[in-house]
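Student: By the numbering used here, the letter at position 148 of the sequence shown is numbered 199, and the numbering carries on one by one without gaps.
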Amino acid sequence: MTTVLVVDGDPRLVRDLRATLAANGYRVLTAHDGASALREAEAGRPDVVVLDPGLPDVAGMAVIIALRAWCTTPIVVVSARAGSAEKVAALDAGADDYVVKPFGTDEFLARLRAAVRRAGHRRAGEPPVVRTASFTVDLAAKKVHRDGAEVRLTRTEWGLLEVLIAAGGQPVGRRELLDRVWGAGHETATHYVRVYLAHLRRKLEPVPSRPRHLLTEPGRGYRFQP
């Protein structure tokens, strides 16, 4: 049975979605704010998360980023905001799909099935491993090895490394890194990125002062190069 975690600050919508999903054979977990969403996700290990970003305690984008720091569970955002900026922000934060309210039940269920199916295909394939001349990154296990030994990274260091790898060789600006790794409210704390990049270079680069893999692109941000 597929387990769905529904996260929404509107109790009525949570109740309606629970009834709809249960009637279609899903096991349903619920949460009404970001803190309980993260607790339910860790305890219940859902197969898919349905999330409204308008939560009463924290921004939904922060919840997506927090989930992406430790799991690959598909996330389907449901929101009344139909603007492209909101959609782009959610997808860039790590969401797999974005459904605008109000939505039809059939379409919503089809999107859930597609998200779960894609996740199943990813799990069935080879674990995503990124190899460089200096270290190896196992994205599925969230582990880094260098010279035959595991390198211990903090959650923030891992989040930074993961975002840079996901960019596929393209530079990622400081503000985007702050938003993706640290969350809303840190837009001006650009020194965070510089400090944590220095930590990563000391742990992973053969010569931290002359990095080969964690590169600075002047005026553009930072780039990962295998």
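Just so it is clear, CB atoms sit at the ideal spot from N, CA and C, and this is done for glycine as well.
Everything numeric in this text was worked out from a predicted model, so none of it was measured.
Determine the DSSP secondary structure at Val100, reduced to helix, strand or coil.
Tutor: Three-state result, Val100: strand.
Student: Can you list, in chain order, the residues of its chain whose CB lies under 7 Å from that of Lys138, leaving out five sequence neighbours each side?
Tutor: The answer, listed in chain order, is Tyr149.
Student: Taking the straight line between their C-alpha atoms, what separation do you get for Glu227 and Met112?
Tutor: The alpha-carbon atoms of Glu227 and Met112 are separated by roughly 13 Å.
Student: Let me know the secondary structure DSSP gives Ala144 once reduced to three states.
Tutor: DSSP places Ala144 in helix when its eight states are reduced to three.
Student: Compare the Cα-Cα distances from Ala281 to each of Lys152, Ile126, Val246 and report the closest residue.
Tutor: The requested residue 281 is not part of the displayed model; the chain covers only 52 to 277.
Student: So what does DSSP say about Lys254, is it helix, strand or coil?
Tutor: Here Lys254 sits in helix by DSSP.
Student: Buried or exposed: His242, going by 16 or more other Cβ atoms within 10 Å of its Cβ?
Tutor: Flag for His242 reads exposed.
Student: Counting only runs of 4+ residues fully inside the segment 60 to 117, write out the alpha helix (DSSP H) ranges in chain order.
Tutor: Entirely contained in the segment 60 to 117, the alpha helix (DSSP H) runs reaching 4 residues are, in chain order, 62 to 74, 85 to 95.
Student: Determine the contact status of Arg261 and Glu268, defining contact as a CB-CB distance below 8 Å.
Tutor: Their beta carbons are not under 8 Å apart, which means Arg261 does not touch Glu268 by this criterion.
Student: Measuring only the C-alpha atoms, how far is Val244 from Leu229?
Tutor: Approximately 7 Å, taken between the alpha carbons.
Student: In whole angstroms, what separates the C-alpha of Glu158 from that of Lys152?
Tutor: C-alpha separation (whole angstroms): 12 Å.
Student: So does the segment 86 to 98 actually touch the segment 53 to 61, counting three or more Cβ pairs closer than 8 Å?
Tutor: Taking 8 Å as the limit for Cβ pairs, the verdict is that the segment 53 to 61 does touch the segment 86 to 98.
Student: Considering Cα atoms alone, identify which of Leu255, Ala141, Gly272 is closest to Gly220.
Tutor: Ranking the options by Cα distance to Gly220, first place goes to Gly272.
Student: How many angstroms separate the CA atom of Ser130 from the CA atom of Arg197?
Tutor: Their Cα atoms are separated by approximately 42 Å.
Student: Could you compute how far the alpha carbon of Ala120 sits from the alpha carbon of Pro62?
Tutor: Rounded to whole angstroms, Ala120 to Pro62 spans 27 Å at the Cα level.
Student: Need the endpoints of the beta strand (DSSP E) that Val180 sits in, please.
Tutor: From DSSP, the beta strand (DSSP E) with Val180 extends over 180 to 182.
Student: Applying the 10 Å Cβ sphere with the 16-neighbour rule, what's the burial state of Asp103?
Tutor: Flag for Asp103 reads buried.
Student: Look at the Cβ atom of Leu211, then the Cβ atom of Leu160, and state whether they are nearer than 8 Å.
Tutor: Cβ distance not < 8 Å, so Leu211 and Leu160 don't count as in contact.
Student: Indicate the three-state DSSP secondary structure (helix, strand or coil) for Ala130 in the structure shown.
Tutor: Note on identity: in this sequence residue 130 is Ser, with Ala being the wrong assignment. Three-state DSSP puts Ser130 in a strand.
Student: The alpha helix (DSSP H) that contains Gly155, what's its start and end?
Tutor: From DSSP, Gly155 is part of no alpha helix (DSSP H); its letter is neither H nor E.
Student: Where Val223 and Leu215 are concerned, what is the direct C-alpha to C-alpha distance, given to the nearest angstrom?
Tutor: So the two alpha carbons sit approximately 7 Å from each other.
Student: Quickly, what does DSSP pair Leu56 with across the bridge? List them, please.
Tutor: For Leu56, which the question treats as bridged, DSSP gives the partners Leu80, Val100.
Student: Can you tell me whether Gly188 is buried or exposed, with buried defined as 16 or more other CB within 10 angstroms of its CB?
Tutor: Correcting the residue type first, residue 188 is Val in the shown sequence and not Gly. Classification of Val188: buried, given that the 10 Å Cβ count is 16 or more.
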